[in-house]
Amino acid sequence: MPGKGRQKFPDTAPEMRHLKSIPGLSKMAGQTTDLPVMKSFKRPVSPHGPNSILFSEWLANLPFWVFPTIGIMMVLWPMITLAQSQYTMFNAFDALWRWLPFLMTKGFALNVLISFFTMLLGTIFGVLLGLGQISPIRLISGSCWFFTQLFRNSPWLVLLFIVMLAFPFEITIGDVIIPIPDWMKAVFGLSLPIMANISEIVRGGIQSVPTGQWEASESLAYSRNQTLWLVILPQCFKRMIPPWMNWYAILTMATPLVSLLGVEELVTLSRQAMESEDNHPELLVPFFGFALFIFFAYCYPIAKFTISLEKRFAVKG
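Using the numbering used here, read the sequence shown as starting at 332 and increasing by one per residue.
Laid out in structure tokens, this is it:
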């Protein structure tokens, strides 16, 4: 019989044509599917986190031609607008040369000294405040969070005025009178916002360590303090270095704020030197241009080094 041994099956073409409308079934084997696929999650980097070095990145990535252009404009502008004056730019730069040793040793050296002691004081108290923010005791963590946010979001100049006016000029202990110089009060005033930002760096660095590290330490019968000091902090310490250096560069360039309060640092002494040279307008660019240059020469290597440390300590993933 023709067709013996063969079994007829119903036509499934309509059903197969219907399946073409189902996502994922219209592709042949070996081809990509049109089903939605979940991609790997990448944690966004917070601009306020421990890797926030935006200022150093901006400073280190400035094109080279910016600085010669600014220098040329600073020299040519007074030469063009004040060409009729008898006091020339050559006289102004000669005056700067005479005052240069005094400005470096008595002025900029004090800026560096203020920045160093401010960073030291702010780091010590900032670390304590940051550790307090992760405390399991609600009263301690809440108080540390409050002081962190208070000083972190307050204007630096306002804090300086409060400290300079509220602190006494001298302390009397019995018959001993201990004077408090203005630069020491400036150190304390600037250390308050630095303390708050270092606190956030510490808190963010600790919380950036995966929770599995805490769980693994707990499985080894480590206490919370042992886990924190022996496991967590050694891992996050290198992540804190780049933002810490970034804040030091910002702090160094903020030290001229203390000149508004009478501290005799570089900007204050530059004004006094110009007054002794009869306040010629031509003196503005050389003296303040030198202040700009010396701060840039001090902070730019810090910014470059911060970028290199960030790349070196970047979390591989």
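Note that the Cβ used here is the ideal one computed from N, Cα and C, for glycine as well.
Check your understanding: Going along the chain, which residues of its own chain have a beta-carbon closer than 8 Å to the beta-carbon of Glu596, five neighbours each way excluded?
Key -> Gly438, Phe439, Leu441, Asn442, Ile445, Trp514, Thr586, Pro587, Val589, Ser590
Exercise for review: Report the rounded CA-to-CA distance for Ala552 versus Thr558, giving the unit in angstroms.
Suggested key: Straight-line Cα distance between these residues: approximately 9 Å.
Check your understanding: How would you call Phe372, buried or exposed, if buried means at least 16 neighbouring beta carbons within 10 angstroms?
Key -> Low confidence applies to Phe372: its pLDDT is 46, below 50, so where it sits in the model is not reliable, and the reading given next is rough at best. Exposed is the call here.
Check your understanding: Excluding sequence positions up to five away, which residues of its chain have a Cβ less than 7 Å from the Cβ of Glu608?
Key -> Ala426, Leu614
Check your understanding: Do Met495 and Leu582 have their C-beta atoms within less than 7 Å of each other?
Key -> no
Exercise for review: Tell me whether Pro512 sits in a helix, a strand or coil according to DSSP, three-state version.
Suggested key: Secondary structure of Pro512 (DSSP, three-state): coil.
Exercise for review: Take Gln464 and list the residues in its own chain whose beta-carbon comes closer than 6 Å to its own, dropping the five residues that flank it on each side.
Suggested key: Ser472, Cys475, Trp476, Arg534
Review point. With a Cβ-Cβ cutoff of 7 Å, do Leu434 and Leu623 count as a contact?
Key: Taking 7 Å as the Cβ cut-off, Leu434 and Leu623 do not qualify as a contacting pair.
**Study point:** Helix, strand or coil at Thr419 according to DSSP, with G and I counted as helix
**Key:** coil
Point to revise | Buried versus exposed, by CB contacts within 10 Å (16 or more), Arg570 | key: buried
Review point. Is Glu595 helix, strand or coil when you go by DSSP?
Key: coil
Check your understanding: Do you know offhand how far Glu388's Cα is from Phe626's?
Key -> 17 Å
Review point. What does a CB cutoff of less than 6 Å around Gly308 pick up in its chain, not counting 5 residues either side in sequence?
Key: This structure gives no information on residue 308, because the portion of the chain shown stretches from 332 to 648.
Practice item. Determine contact between the stretch 512–527 and the stretch 449–463, defined as no fewer than three beta-carbon pairs at a distance below 8 Å. Key: yes
Exercise for review: Along the alpha helix (DSSP H) that carries Ile581, what are the first and last residues, could you check?
Suggested key: 564–585
Practice item. Could you tell me how far apart the beta carbons of Ala423 and Ala634 are, in whole angstroms, since I believe they sit closer than 8 Å? Key: Not quite, the Cβ-Cβ distance comes to about 30 Å (not below 8 Å), so this is no contact.
**Study point:** Exposed unless 16 or more other CB atoms sit within 10 angstroms - verdict on Val594
**Key:** buried
Review point. When the Cα of Ile532 is compared with those of Trp578, Val507, Ser550, which residue comes out closest?
Key: Trp578
Practice item. For Asn484, count neighbouring Cβ atoms within 10 angstroms of its own Cβ and tell me buried if that reaches 16, exposed if not. Key: exposed
Check your understanding: Hey, Ile508 and Glu501: beta-carbon distance below 7 Å or not?
Key -> Yes. Within cutoff.
Exercise for review: Output the boundary residues of the alpha helix (DSSP H) element that contains Glu656.
Suggested key: The requested residue 656 does not occur in the structure, where the chain is confined to residues 332 to 648.
Check your understanding: Checking contacts by CB at 7 Å: is Leu561 closer than that to chain B?
Key -> Absent from the structure is chain B; it holds one protein chain and no more.
Practice item. Tell me, to the nearest whole angstrom, how far the beta carbon of Leu640 is from that of Pro573; I am working on the premise that it is less than 8 Å. Key: A Cβ-Cβ separation of about 5 Å places Leu640 in contact with Pro573 under the 8 Å criterion.
Check your understanding: Should Trp575 be labelled buried (16 or more other beta-carbon atoms within 10 Å of its own) or exposed?
Key -> buried
Practice item. Tell me where the alpha helix (DSSP H) around Thr558 begins and ends. Key: For Thr558, the enclosing alpha helix (DSSP H) begins and ends at 555–558.
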